[in-house]
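Here the sequence shown is numbered in numbering that gives the first Met the number 0, starting from 0 and rising by one per residue. Structure record follows, encoded as structure tokens.
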Amino acid sequence: MQNNKNGGRVRLKDIQNMLAKDFNIHYQNINGVHYLLNKIRVKLDKC
């Protein structure tokens, strides 16, 4: 993912796309990605 970014924040949509492309894990919506990140205790900033 860092190859495509120069810096800044990673959006949930970016993570959803990476999971689908690199790991063949498909979430129907962003809420599933958000739940996954909370479950594995990834700190999310509120925008």
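C-beta atoms are modelled at their ideal positions from N, C-alpha and C, and glycine is treated no differently. What you are looking at is a predicted structure, and each value in this text was computed from that prediction instead of being measured.
Per DSSP, what kind of secondary structure is Asp21 in: helix, strand or coil?
helix
Run the CB neighbour count on Arg41, radius 10 Å, all protein chains shown included, and call it buried at 16 or more, exposed below.
Sequence check: residue 41 is Val here, not Arg. With fewer than 16 Cβ atoms within 10 Å of its Cβ, Val41 is classed as exposed.
Assuming Lys12 and Ile39 form a contact by the criterion Cβ under 8 Å, report the distance between their Cβ atoms to the nearest whole angstrom.
Between Ile39 and Lys12 the Cβ distance is about 18 Å, and since that is not below 8 Å, they are no contact.
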